[in-house]
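Residue 42 is where the sequence shown starts when you use the UniProt record's numbering, and the numbers rise one by one after that.
Where a beta carbon is used, it is the ideal one built from N, C-alpha and C, also for glycine.
First the structure, in the form of structure tokens, and then the observations on it.
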Amino acid sequence: ASTLRSLAEAQNRYIGTELTGNMVNNATITSLAGTQFDMVTPGNEMKWDTTEPRNGSYNFGPGDNVVSFAQAHTMRVRGHNLVWHAQLPGWVNSLPRNQVQGAMEAHITTEVNHYKGKIYAWDVINEPFNEDGSLRQDAFTNAMGTGYLADAIRTAHNADPNAVLYINDYNIEGENAKSNGLYSLAQSLLSQGVPLGGIGLESHFIVGQVPSSMLANMQRFAALGLDVAITELDDRIQLPASSSSLQQQANDYATVVKDCLAVTRCPGVSQWGVGDADSWIPGTFPGYGAASMYDNNYQPKSAYNATATALGGP
Ligand code: G3I
Numbered sequence: 042a043s044t045l046r047s048l049a050e051a052q053n054r055y056i057g058t059e060l061t062g063n064m065v066n067n068a069t070i071t072s073l074a075g076t077q078f079d080m081v082t083p084g085n086e087m088k089w090d091t092t093e094p095r096n097g098s099y100n101f102g103p104g105d106n107v108v109s110f111a112q113a114h115t116m117r118v119r120g121h122n123l124v125w126h127a128q129l130p131g132w133v134n135s136l137p138r139n140q141v142q143g144a145m146e147a148h149i150t151t152e153v154n155h156y157k158g159k160i161y162a163w164d165v166i167n168e169p170f171n172e173d174g175s176l177r178q179d180a181f182t183n184a185m186g187t188g189y190l191a192d193a194i195r196t197a198h199n200a201d202p203n204a205v206l207y208i209n210d211y212n213i214e215g216e217n218a219k220s221n222g223l224y225s226l227a228q229s230l231l232s233q234g235v236p237l238g239g240i241g242l243e244s245h246f247i248v249g250q251v252p253s254s255m256l257a258n259m260q261r262f263a264a265l266g267l268d269v270a271i272t273e274l275d276d277r278i279q280l281p282a283s284s285s286s287l288q289q290q291a292n293d294y295a296t297v298v299k300d301c302l303a304v305t306r307c308p309g310v311s312q313w314g315v316g317d318a319d320s321w322i323p324g325t326f327p328g329y330g331a332a333s334m335y336d337n338n339y340q341p342k343s344a345y346n347a348t349a350t351a352l353g354g355p
């Protein structure tokens, strides 16, 4: 039978999955990940609190493990992420303002250089926007204002000119105040010659609520000359999941995959986690779950079949 990755590759796209923590030691998960997917995003292993828990002291072991797994299965890696207000070690928030820029540049340079040549794309900036389209206030805006984005992207580019450099966020999949803010920012960065290469649409959806303006939104970013990737797809359902909600979920997955295929600059779709059992959803949204293509026993759901069909399979 055809696999998701063989179908995606025939379309010149990738199909990815997130792996984190003990997932790389679970044979059921790794065998599915390695056969069905051709892109990996480490869920936590490349975040600042893991890679530089103390100023100047780096820990790349957990991320290296994920990269080794990917390479052993001929999968590429999306690096996630370099600059984010969350999972940021306390020492960064405690720095005097005039030391934040130096710490950010050192962090980016050291991490990107460590993984140079092994990372297809970096989420350089993660989740920088408020829902109203303004920039979130955090250690980076406090120290550098809006300029931190350009500085971070340029710093990453200097360390690995071949990686595609992304801004990644949630609730920017359709046209709304937040994606409008990002669109203006992207235009401004590109006009300054900043080497921004892509926009990551996380795509943490609620079943039946994929925005109808998603395709148009992807097309407007692509028209700026940017890649537009689906980076963290899942589609949560109120538990227990009914058969009609699972069917709607299959339709949602198909819609997202078709939207990507309709946009030349969409390089691929990544799901957040492999199966329902390893999803972050039940822990964060109590009463919700069943958000992925595989059930709690790693059996393919209707969403899997719909994804395969949307990718051109039977
Ligand atoms: O490592 C500790 C462990 O020692 C401890 O026993 C355990 C008890 O709670 O916590 C472990 O840390 C957890 C960590 O994941 C590793 O498993 C944190 O509590 C938990 O908050 C953290 O959650 C991660 C979350 O980001 C944090 O923001 C999720 O795994 C990860 O899937 C999620 O990913 C984010 C993306 O980076 C950005 N977009 C949204 C997405 C979903 O929230």
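Beta-carbon gap between residue i and residue j smaller than 8 Å
i: alanine 191; j: valine 235; result: yes
i: leucine 256; j: alanine 227; result: no
i: alanine 218; j: glutamate 172; result: yes
i: serine 311; j: serine 320; result: no
i: aspartate 164; j: glycine 222; result: no
i: aspartate 293; j: aspartate 276; result: yes
i: isoleucine 278; j: valine 248; result: yes
i: alanine 113; j: glycine 353; result: no
i: alanine 197; j: valine 133; result: no
i: tyrosine 55; j: proline 308; result: yes
i: valine 108; j: valine 65; result: no
Classification of residue i by the beta-carbon crowding that lies within 10 angstroms, buried from 16 upward
i: threonine 58; result: buried
i: threonine 92; result: buried
i: proline 355; result: exposed
i: glutamine 88; result: The sequence given here has lysine at residue 88, not glutamine. The residue in question, lysine 88, is buried, as its Cβ has 16 or more Cβ neighbours within 10 Å.
i: lysine 157; result: exposed
i: glycine 154; result: The sequence as given places asparagine at residue 154; glycine does not occur at that position. Burial call: exposed.
i: proline 252; result: buried
i: asparagine 203; result: exposed
i: asparagine 122; result: buried
i: asparagine 139; result: exposed
i: alanine 264; result: exposed
i: proline 327; result: exposed
i: asparagine 63; result: exposed
i: arginine 177; result: exposed
i: threonine 187; result: exposed
Where residue i falls: helix, strand or coil (DSSP)
i: phenylalanine 262; result: helix
i: alanine 204; result: coil
i: threonine 82; result: strand
i: glutamate 273; result: strand
i: valine 65; result: helix
i: serine 225; result: helix
i: arginine 119; result: strand
i: valine 124; result: strand
i: glutamine 279; result: strand
i: tyrosine 335; result: strand
i: residue 384; result: With the chain represented from 42 up to 355, any question about residue 384 goes unanswered, as that position is not in the structure.
Neighbour flag for residue i against chain D, beta carbons, 8 Å
i: tyrosine 207; result: Of the protein chains in this structure there is only one, and it is not chain D.
Sequence-distant residues of the same chain with beta carbon closer than 6 Å to residue i, five excluded per side
i: asparagine 337; result: Asp317, Ala318
i: leucine 129; result: Trp89
i: methionine 185; result: Gln142
Span of the beta strand (DSSP E), counted from its first residue to its last, around residue i
i: serine 109; result: First-last for serine 109: 102 to 113, but that is the alpha helix (DSSP H), not the beta strand (DSSP E).
i: glutamate 59; result: 55 to 60
Residue range of the unbroken alpha helix (DSSP H) whose run includes residue i
i: residue 15; result: No statement about residue 15 is possible, as the shown extent of the chain runs from 42 to 355 and does not include it.
Contact set for residue i: own chain, Cβ-Cβ below 7 Å, skip 5 residues either direction
i: valine 297; result: Ser244, Val251, Ile271, Leu274, Val310
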